[in-house]
Amino acid sequence: VRRKALYVDLQKSAEDAFFIETVDENEKKDVFFVASALARLHHLKDMIKAQQMTLLTAEYLKKVLHTMEQLIFFVVKNEDGSGDAFSCEGFTWPHRQRMLKDMKLIEVLTDILFYPFGFQLYQLNNIPNELMVKVFQLSYKLIKHTIREYRPNELYASQWLDLFIHQSMFSDPNYDLFAEPTLTELIDNNKKILENKIKQETIVRFVNMLKTQ
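Going letter by letter, the sequence shown gives residues 178 to 390 in this note's numbering.
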């Protein structure tokens, strides 16, 4: 635990004020669980950015997938009892969605989705590692559940809208990353994002892509 001395400056405005409150044991356990899970995802992200792909063994990636599955069932109520993280749907816990956003989960997941293709380690139409395909799929599923029906998280995630649109448009059907359902979740019935976040050139590119199909 990092400790930092704080003080109150009476000359500052109320905008700089804050308060500290204790949390109950359940919330404390949730924070520790998310922090532990994020440590594994950060490690994966760092290895991808260092382009150390040979270290991404099957055993390692299976542990990553297990961590992602745990995070999905952490945020989704999963009332139907489905044990399949790839297909489970259901209502989500807003306080856990907020926690995942505040602890920077979306940033880590978008890095995992961007860098393998940004460094041309894989192509959207050629991902020979089946386990990495599953990592990408669960990354999108996690983003989808983290923003689902929770407007603050939707607006926050809209900064990566271009990435989601690009991967939705150009992913090969044989390597479905689940980008399209996540994009739909983000922009569906969200006027602010549709009006302010989608660039004109993105619309033109999307229309041109449809013309070539």
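The beta-carbon is built from N, C-alpha and C at its ideal position, and this holds for glycine as well.
For clarity, every value in this text was computed on a predicted model and none was experimentally measured.
Do A227 and E246 come within 8 Å of each other at the CB atom, strictly closer than that value? no
Please determine, among T269, A235, F294, the residue with the shortest C-alpha to C-alpha distance to I249. T269
In the DSSP assignment, what are the bridge partners of N303? Q300
Give me the residue from Q314, L360, V310, L340 with the minimum Cα distance to E331. L360
Tell me whether H322 is buried or exposed, calling it buried when 16 or more other Cβ atoms sit within 10 Å of its Cβ. buried
Distance check for Q377 and K239, CA to CA, integer angstroms please. 40 Å
Measuring CB to CB, does A214 end up less than 8 Å from T244? yes
Could you compute how far the alpha carbon of N351 sits from the alpha carbon of E307? 11 Å
Looking only at DSSP bridge pairs, what is V253 linked to? T269
I'd like the list of long-range same chain contacts for I304, defined as Cβ closer than 6 Å, with 5 residues on each side in sequence excluded. V310, Y352
I'd like to know whether the C-beta atoms of L354 and S348 end up nearer to each other than 8 Å. yes
Let me know if A334 comes out buried or exposed under the rule of 16 or more other beta-carbons within 10 Å of its beta-carbon. buried
According to the neighbour-count rule (16 or more other Cβ atoms, all chains shown, within 10 Å of its Cβ), is L183 buried or exposed? exposed
Where do the ends of the alpha helix (DSSP H) carrying A334 lie? 328–334
Unbroken alpha helix (DSSP H) run spanning L282, endpoints: 282–295
Tell me which residues share the same chain as R273 and place their Cβ nearer than 8 Å to its Cβ, disregarding the 5 neighbours each side in the sequence. D207, F251, V252
Rounded to a whole number of angstroms, what is the C-alpha to C-alpha distance between N255 and G267? 5 Å
Do you know how far the Cα of M224 is from the Cα of R275? 27 Å
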